[in-house]
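Numbering (numbering that gives the first Met the number 0), first residue to last: 0 to 195.
Glycine residues also receive a C-beta, built at the ideal position from the N, C-alpha and C atoms.
What follows is a short report on a single structure.
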Amino acid sequence: MRLIFATHNPNKVREIQAIVPSYIKIQSLAELDYHTPIIESGYNLEENALMKAKTVYDQFNRACFSEDTGLEIAALHGAPGVHSARYAGEDATDKENVQKVLTQLGDETNRKARFRTILALVMSPEEIYMFEGLCIGNILTSPQGTHGFGYDPIFQPNGYDKTFGEMTSSEKQAISHRTHAFEKMNSFLVRYRSPR
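Structure representation (structure tokens):
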């Protein structure tokens, strides 16, 4: 089965290619030489994921999926959420986004947070499916580790003594929000491919 992954983010492509089963052949937008920016103007992760998937489906008329992920921090009322990639500004670096979160949290003792991934899968205009993956944890007071990207150096999953930024990619993939969402999508696709 071939699916287009509606993203221009090479970090996401790399992470997802390591997660999906071998029967799913992923094509990135770069492989399709599609470099048009996809506007993410949704009010939540679901709207953004669906917007991206529909845009790419309409362009290529082929099954595709997209994902949108946000870090949701309890003490910040769910922020940065849908604005996670641009929290410190439109062209902010990961480091700047992390620093803004740490500054806003300050000495706050409630550091509960979760990563939430929404996958939107468009098989046809009438067949649209959504899948959610979560990873619950806490925000540390300073970055730890150099692996991963985004908020990984300050997010420590529950039950672990290190951040995503300190984990190997295989350790992170075993428990990540993206993995949980893709496991749900994979279970669906196994049933979808089966004779009805």
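Across the set 32, 99, 63, 69, the C-alpha of 69 shows the shortest separation from the C-alpha of residue 45. The C-alpha of residue 19 lies about 31 Å from the C-alpha of residue 95. Boundaries of the beta strand (DSSP E) harbouring residue 128: 126-138, taken from the DSSP string. Of the candidates 111, 27, 172, 170, 111 places its Cα closest to the Cα of residue 71.
Rounded to whole angstroms, the gap between the alpha carbons of residue 158 and residue 86 is 27 Å. The beta carbon of residue 178 sits closer than 8 Å to those of 18, 132, 172, all from its chain and outside the five residues before and after it, given in chain order. The C-beta of residue 47 has 16 or more other C-beta atoms within 10 Å across all chains shown, which makes the residue buried.
Nearest Cα to residue 102 within the set 187, 142, 151, 30: 142. If you look at residue 13, you'll find it in the alpha helix (DSSP H) that goes 9-18. Separation of the CB atoms of residue 5 and residue 38 is rounded to 12 Å, and the pair is thereby denied contact status at 8 Å. The criterion of a C-beta distance shorter than 8 Å is not satisfied by residue 2 and residue 52. Spatial neighbours of residue 153 in its own chain (CB-CB distance under 6 Å, excluding positions within 5 residues in sequence) are listed in chain order as 97, 138, 139, 142.
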